[in-house]
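Novice:
Residue numbers (the working numbering): 12 to 167.
1) Which same chain residues end up closer than 7 Å to residue 57 when comparing Cβ atoms and leaving out the 5 residues on each side of it in sequence?
2) So, helix, strand or coil for residue 145, using DSSP?
3) In three-state DSSP terms, what is residue 18?
4) For the candidate residues 84, 17, 63, whose alpha-carbon lies nearest to that of residue 43?
5) For residue 152, write down the residues that DSSP places opposite it in a beta bridge.
6) Among the candidates 165, 160, 153, 161, whose CA atom is the shortest distance from the CA of residue 50?
As structure tokens, then:
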């Protein structure tokens with residue numbers, strides 16, 4: 012064995028083990044978790060001076076396209092006078108979308124879908140919103156106005 016071969020062998024032995032490549036689904040889960048935290052922070056900012064507060068809770072999302080099939084993520088709850096609006100993560104991957112959150116109004120034993128938020132849809136990387144029963148092409152930006160339009164159900 013030449014001196015160069017010995018050197019190369021020892022050099023390779025001292026190299027740290029390669030860092031495992033993160034799968035696309037693991038990267039998307041990490042982004043979904045981060046974006047849910049940022050969504051919660053944004054909602055908190057919108058709710059300043061209303062007396063309402065965001066309550067995070069732990070949700071479990073099942074998705075056959077991710078490692079282990081299930082992952083943990085934060086959901087968001089708003090409560091007012093016995094009524095609840097809950098933002099529940101429901102899936103990671105759908106047709107043309109990544110990261111879906113269902114907005115549901117709860118009153119007594121009744122639940123009503125208020126629509127869905129999507130973390131990414133097509134080429135749009137910001138949160139978008141689709142009302143219940145609307146075609147997927149009718150997504151709109153999820154902004155402060157859309158948010159208050161959803162949670163007004165708390166006061167009905």
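We put the beta carbon where it would ideally sit given N, CA and C, even for glycine.
Specialist: With the given structure in hand:
1) Walking along the chain shown from the start, residue 57 turns up at place 46. Excluding residues within five positions, the ones whose Cβ falls inside 7 Å are 155, 158.
2) Residue 145 sits at position 134 when you count from the first residue of the chain shown. The three-state secondary structure of residue 145, taken from DSSP, is coil.
3) Residue numbering aside, residue 18 sits at position 7 when the chain shown is read from its first letter. Residue 18: helix per DSSP, three-state reduction.
4) Against the chain shown, residue 43 aligns to sequence position 32. If we check each option's Cα against that of residue 43, 84 comes out closest.
5) Taking the chain shown and counting its residues from 1, the one referred to as residue 152 is at position 141. Secondary-structure assignment with DSSP links residue 152 through a beta bridge to 139.
6) As a working note, residue 50 is residue 39 in the chain shown. Minimum Cα distance to residue 50 is reached at 153.
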